[in-house]
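Heads up, the final residue of the sequence shown is numbered 106 in UniProt numbering, and it's a clean run with no missing numbers. Even for Gly, the Cβ is constructed at its ideal location relative to N, Cα and C. Predicted model, so just to flag it, every value in this text is computed and none were measured. Accompanying notes for the structure given below.
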Amino acid sequence: MSKILVGKVVGINGGKVTKSVSCHRSLYPYLVYYCHSVPEVRVYEAELLEVETREKMNRVVAICHVDTSAWSRTHGAFVALGFGPGEIEVCHWIFENDMTWSSADV
Numbered sequence: 001m002s003k004i005l006v007g008k009v010v011g012i013n014g015g016k017v018t019k020s021v022s023c024h025r026s027l028y029p030y031l032v033y034y035c036h037s038v039p040e041v042r043v044y045e046a047e048l049l050e051v052e053t054r055e056k057m058n059r060v061v062a063i064c065h066v067d068t069s070a071w072s073r074t075h076g077a078f079v080a081l082g083f084g085p086g087e088i089e090v091c092h093w094i095f096e097n098d099m100t101w102s103s104a105d106v
């Protein structure tokens, strides 16, 4: 497996807070998506580069949850980072076969 590096990052809607709907695959014997609305997020598109050659390997989407105040104190992000609800934004990649739609100025 190649090592990767994050290259150019572009904020959707200029990196401003926007609304989003994300859909994640659910584990069923057939294709089912669980979709939910996320009212306050920042959405980014990033290039993934191979470390040694800096060749672009893929483009990925990351979503940052702005308001985490209603999240459980035991959420994995807070446990791993040492913060609590409402103290930080939490960002994650949108995984393969998942989707997200967001508002953007064009």
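Minimum Cβ-Cβ distance from residue i to chain B less than 8 Å
i: residue 87; result: Absent from the structure is chain B; it holds one protein chain and no more.
Residue range of the alpha helix (DSSP H) that includes residue i
i: residue 129; result: Lying outside 1 to 106, the shown extent of the chain, residue 129 is not represented and no answer is given.
Beta-carbon gap between residue i and residue j smaller than 8 Å
i: residue 63; j: residue 20; result: yes
i: residue 15; j: residue 59; result: no
i: residue 17; j: residue 40; result: yes
i: residue 82; j: residue 68; result: no
i: residue 44; j: residue 11; result: yes
In DSSP terms, what residue i is bridged to
i: residue 18; result: 41
i: residue 61; result: 45
i: residue 33; result: 25
Residue i - DSSP class collapsed to helix/strand/coil
i: residue 13; result: helix
i: residue 94; result: coil
i: residue 47; result: strand
i: residue 5; result: strand
i: residue 66; result: coil
i: residue 73; result: coil
i: residue 25; result: strand
Start and end residues, beta strand (DSSP E) containing residue i
i: residue 102; result: 99-102
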